[in-house]
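Reading through the C-alpha cells given below for one structure.
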Amino acid sequence: MEQLPQPPADGTMADFARKVTVAILIAAVLLAFWEISQVLVLGFGGVVVAVVLRNMASPVQRYLRVSDHIALLVTTIGLLALAITFFVIFGGLAIDQFTALLNEIPGAIVSGRKWLMQYTEGRWFLALLGHTGAPSGETLLQALPIAGGVLGGMSEALLVLLVGIYLAADPQAYMRSVVRLFPPHRRIRVSHILNAIAAALQKWLVGMAFDMLFVGVLTGLLMWLVGVPLPFALGVLTGLSVFVPYIGPAIACIPGLLLALSVSPTLAMYAAIVYAVALGIEGNVTQPLLQRWAVSLSPVINLLAIVAFGIIFGLWGAVLGTPMAVTLTVLIRMAYIEDVLEAKPPAEKAAED
225 MEQLPQPPAD GTMADFARKV TVAILIAAVL LAFWEISQVL VLGFGGVVVA VVLRNMASPV
285 QRYLRVSDHI ALLVTTIGLL ALAITFFVIF GGLAIDQFTA LLNEIPGAIV SGRKWLMQYT
345 EGRWFLALLG HTGAPSGETL LQALPIAGGV LGGMSEALLV LLVGIYLAAD PQAYMRSVVR
405 LFPPHRRIRV SHILNAIAAA LQKWLVGMAF DMLFVGVLTG LLMWLVGVPL PFALGVLTGL
465 SVFVPYIGPA IACIPGLLLA LSVSPTLAMY AAIVYAVALG IEGNVTQPLL QRWAVSLSPV
525 INLLAIVAFG IIFGLWGAVL GTPMAVTLTV LIRMAYIEDV LEAKPPAEKA AED
C-alpha cells in the first residue's frame, strides 16, 4: 500500500510562514512607495536644493565666520534679494518678451505651415503629422491646461524649495536618521556612500550652472546678432532647458525656429544655425568637460535615465532625471560593485589586517 506524504514539521512550517510574511511585507512596502512616488521625487528635488544651498552657504560661513544656520539664512535671503533684483531689472523685459513669444507662436505655426505647403516634402511632413488645418491660437490655448498646470507646478516647486531649506538647515540630523536604518557594522560605509553622493551632486550642480549660463548667454547674443525677435526670452528658455539634457534643448528650439520662420525662411535658417552652434559647443565641449570634472556619466545612460524617470514619475522625473542618474551611478558603484562584486573574502581581509 502506497504511503501518504507526511505533513511538514513544525519548524519547516514556521519557516515557510515567516518567508511568506516577509514577502508580503516587502510587496506592501514596494506598493506604498509606488503610491507615494511623486512625493519621493519631490523629496529628491528638495535634496538637490539643499545641496545647492549648502554649497553656497559654505563660503559665506568661512568669510563671515558665523554658524551654519546664520550662513544658510544669509544665503537664502541673498538669493531671494538677487531674484527680486533680477526681476525688477529684467522682469518687465522678460514678461513682455515671453508674452509676445506666446502670442506669436500660433501665427508662426500658420506661417510655417504655409511655407511647408509649397513643397512636396513639406506637404508629406504635414500629412505625417496629421495637420489638416491651420491651428488657431484659441485651439492651442484650449489644448493646454495652463491654469491647473501652472498652479500645480508652482505649488510643487514651493514644496521642493521648503524641503530643501529644511534639509539644508540640519543635514547631519537627517543623514544620521538614514544611517540608523542599517545594521551597526554597515553604518560607517553607508555614511561614506551618502557623503559621496552629496559630493557628486554638488560638483554636478556647479558644472550645470556654468553650462546653463554659457548656453543661455551665447544663444541670446547670437539670436540678437542675426535679428531674431525676442532674443532675451529665447536665450533664457534655451539656458534653462539645458538642465534636462538632449530633450530639453530639442524642445526649446521649436519656439525660436517658429518665431524666426514667421519673419522669413532665411531668418529661420539663421536661427537653426545659431541653435546648432550653441548646442553643438555645449554638447561637444562644455558639457563633456564639466561632466568629466563632476561625475562620469555616459550620454546613453543620461538620456535613457531621463526617458525612464520621465515615464515613471512624469514631468518631475524628467527634470530630475540627470541628478537621479548621478545618484544611482555613485550608489551602484560603491554599494554594489565595490561592496559586493569586488568585496574580498573574510580570510583575505584577515590576512591583510
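Numbering (my numbering), first residue to last: 225 to 577.
Virtual Cβ for every residue (Gly too), placed ideally from N, Cα, C.
All values reported here derive from a predicted model rather than from experimental measurement.
Checklist line | Reference residue 512, options 469, 476 and 245, closest by Cα | finding: Along the sequence shown, one-based indexing puts residue 512 at 288. Considering only alpha carbons, the answer is 469.
Next item on the list: Please list, in chain order, all residues of the same chain as residue 300 whose beta carbon is under 8 Å from its beta carbon, the five residues on each side excluded.
Entry: Translated into the one-based positions of the sequence shown, residue 300 becomes position 76. 277 and 389.
Check: When the Cα atoms are used, what is the spatial distance from residue 561 to residue 437?
Finding: Residue mapping note: residue 561 aligns to position 337 of the sequence shown, counting from 1. Residue mapping note: residue 437 aligns to position 213 of the sequence shown, counting from 1. Their Cα atoms are separated by approximately 35 Å.
Item checked: Residues near residue 296 by beta carbon distance below 7 Å, same chain, minus five either side -> Position 72 of the sequence shown, counting from 1, holds the residue named residue 296. Taken in chain order, the residues that qualify are 277, 281, 392 and 393.
Notebook entry, point to check: Exposed or buried, residue 537, counting other C-beta atoms within 10 Å across all chains shown (16 or more means buried)?
Noted result: Position 313 of the sequence shown holds residue 537. Buried, because 16 or more other Cβ atoms sit within 10 Å of the Cβ of residue 537.
Check: Can you tell me whether residue 541 is buried or exposed, with buried defined as 16 or more other CB within 10 angstroms of its CB?
Finding: Here residue 541 is taken as the residue at index 317 of the sequence shown, counted from 1. Its Cβ being crowded by 16 or more others within 10 Å, residue 541 is buried.
Notebook entry, point to check: Using CA coordinates, which residue listed in 284, 244 and 261 is at the minimum distance from residue 535?
Noted result: The residue you call residue 535 lines up with position 311 of the sequence shown. It is 261.
Next item on the list: Buried or exposed for residue 428, please, with buried defined as at least 16 other CB atoms from any protein chain shown within 10 angstroms of its CB.
Entry: Mapped onto the sequence shown, residue 428 falls at position 204. Buried is the call here.
Check: Can you tell me whether DSSP reads residue 394 as helix, strand or coil?
Finding: Looking up residue 394 in the sequence shown gives position 170. Of the three classes helix, strand and coil, the one that applies to residue 394 here is coil, per DSSP.
Margin query: Excluding the 5 residues flanking residue 548 on each side, which residues of the same chain have their C-beta closer than 7 Å to its C-beta?
Written below: Residue numbering aside, residue 548 sits at position 324 when the sequence shown is read from its first letter. Around residue 548: 268, 529 and 533.
Checklist line | Length of the line joining the Cα atoms of residue 531 and residue 522 | finding: What you label residue 531 is simply residue 307 of the sequence shown in a count that begins at 1. What you label residue 522 is simply residue 298 of the sequence shown in a count that begins at 1. Their Cα atoms are separated by approximately 15 Å.
Note to self: Considering Cα atoms alone, identify which of 446, 451 and 506 is closest to residue 474.
What the structure shows: On the sequence shown, position 250 is the one that residue 474 refers to. Residue 506 is the option with its Cα nearest to residue 474.
Next item on the list: Using the Cα positions of residue 546 and residue 237, report the straight-line distance between them to the nearest angstrom.
Entry: Translated into positions along the sequence shown, residue 546 becomes position 322. Translated into positions along the sequence shown, residue 237 becomes position 13. Distance between the alpha carbons of residue 546 and residue 237 is about 47 Å.
Checklist line | residue 451 beta carbon less than 7 Å from that of residue 514 | finding: Within the sequence shown, residue 514 is the residue found at index 290, counting from 1. Within the sequence shown, residue 451 is the residue found at index 227, counting from 1. For residue 514 and residue 451, no; Cβs fall outside 7 Å.
Checklist line | Alpha carbon of residue 550 to alpha carbon of residue 524, nearest angstrom | finding: Indexing the sequence shown from 1 puts residue 550 at position 326. Indexing the sequence shown from 1 puts residue 524 at position 300. Each residue's Cα considered, the two are about 13 Å apart.
Checklist line | Residue from 424, 327, 240 and 382 with nearest C-alpha to residue 483 | finding: Against the sequence shown, residue 483 aligns to sequence position 259. Among 424, 327, 240 and 382, the Cα nearest to that of residue 483 belongs to 327.
Next item on the list: Note down, in chain order, each residue of its chain lying with its Cβ closer than 6 Å to the Cβ of residue 255, except the 5 sequence neighbours on either side.
Entry: Against the sequence shown, residue 255 aligns to sequence position 31. Around residue 255: no qualifying Cβ.
Check: What do you get for residue 526, buried or exposed, if any count of 16 or more other CB atoms within 10 angstroms of its CB means buried?
Finding: For the purposes of this step, residue 526 is identified with residue 302 of the sequence shown, where counting begins at 1. So residue 526 ends up on the buried side.
Next item on the list: Please report how far the alpha carbon of residue 435 lies from the alpha carbon of residue 414, in whole angstroms.
Entry: One-based indexing of the sequence shown puts residue 435 at position 211. One-based indexing of the sequence shown puts residue 414 at position 190. Rounded to the nearest angstrom, the two C-alpha atoms are 31 Å apart.
Checklist line | Residue of 554, 458, 291 and 383 minimising C-alpha distance to residue 422 | finding: Position 198 of the sequence shown, counted from the start, is the residue given in the question as residue 422. When each option's Cα is compared against that of residue 422, the closest is 554.
Margin query: If contacts are defined as beta-carbon pairs under 8 Å, then residue 273 and residue 402 qualify, I think. What distance do you get, rounded to the angstrom?
Written below: Translated into the one-based positions of the sequence shown, residue 273 becomes position 49. Translated into the one-based positions of the sequence shown, residue 402 becomes position 178. Incorrect: roughly 18 Å between the Cβ atoms, too far for contact.
Notebook entry, point to check: What are the boundary residues of the alpha helix (DSSP H) that residue 407 is part of?
Noted result: Within the sequence shown, numbered from 1, the residue matching residue 407 stands at position 183. Looking at the DSSP string, residue 407 is not in any alpha helix (DSSP H), and its letter there is neither H nor E.
Notebook entry, point to check: By how many angstroms is the C-alpha of residue 478 removed from the C-alpha of residue 557?
Noted result: If you number the sequence shown from 1, residue 557 lands on position 333. If you number the sequence shown from 1, residue 478 lands on position 254. The alpha-carbon atoms of residue 557 and residue 478 are separated by roughly 38 Å.
Item checked: Residues near residue 398 in its chain [Cβ-Cβ closer than 7 Å; skip 5 each side] -> On the sequence shown, residue 398 is found 174 positions in, with the first residue counted as 1. Closer than 7 Å at the Cβ level, and outside the excluded window around residue 398, lie 391.
Check: If you draw a straight line from the C-alpha of residue 579 to the C-alpha of residue 499, how long is it?
Finding: Only positions 225 to 577 of the chain appear in the structure, and residue 579 is not among them; the question remains open.
Next item on the list: Under the assumption that residue 490 contacts residue 463 (Cβ atoms under 8 Å), give the Cβ distance between them as a whole number of angstroms.
Entry: Here residue 490 refers to the residue found at position 266 of the sequence shown. Here residue 463 refers to the residue found at position 239 of the sequence shown. Their Cβ separation, rounded to whole angstroms, is 25 Å, which puts residue 490 and residue 463 out of contact at 8 Å.
Margin query: Buried or exposed for residue 445, going by 16 or more other Cβ atoms inside 10 Å?
Written below: In the sequence shown, counting from the first residue as 1, residue 445 sits at position 221. Exposed, by the Cβ-count rule.
Check: Exposed or buried, residue 465, counting other C-beta atoms within 10 Å across all chains shown (16 or more means buried)?
Finding: Taking the sequence shown and counting its residues from 1, one reaches residue 465 at position 241. Looking at its Cβ environment, which holds 16 or more other Cβ atoms inside 10 Å, residue 465 is buried.
Next item on the list: Might you give, ordered along the chain, the residues of its own chain that have their beta carbon closer than 7 Å to the beta carbon of residue 476, omitting 5 neighbours on each side?
Entry: Working through the sequence shown from its first residue, we reach residue 476 at position 252. Counting only Cβ-Cβ distances below 7 Å, and skipping sequence neighbours, we find 461, 462 and 465.
Item checked: Separation of residue 303 from residue 481, as counted between CA atoms -> Against the sequence shown, residue 481 aligns to sequence position 257. Against the sequence shown, residue 303 aligns to sequence position 79. Their Cα atoms are separated by approximately 33 Å.
Notebook entry, point to check: Which whole-angstrom value describes the C-beta separation of residue 380 and residue 266, a residue pair presumed to lie in contact below a C-beta threshold of 8 Å?
Noted result: On the sequence shown, residue 380 is found 156 positions in, with the first residue counted as 1. On the sequence shown, residue 266 is found 42 positions in, with the first residue counted as 1. The pair is a contact, with the Cβ atoms about 6 Å apart (cut-off 8 Å).
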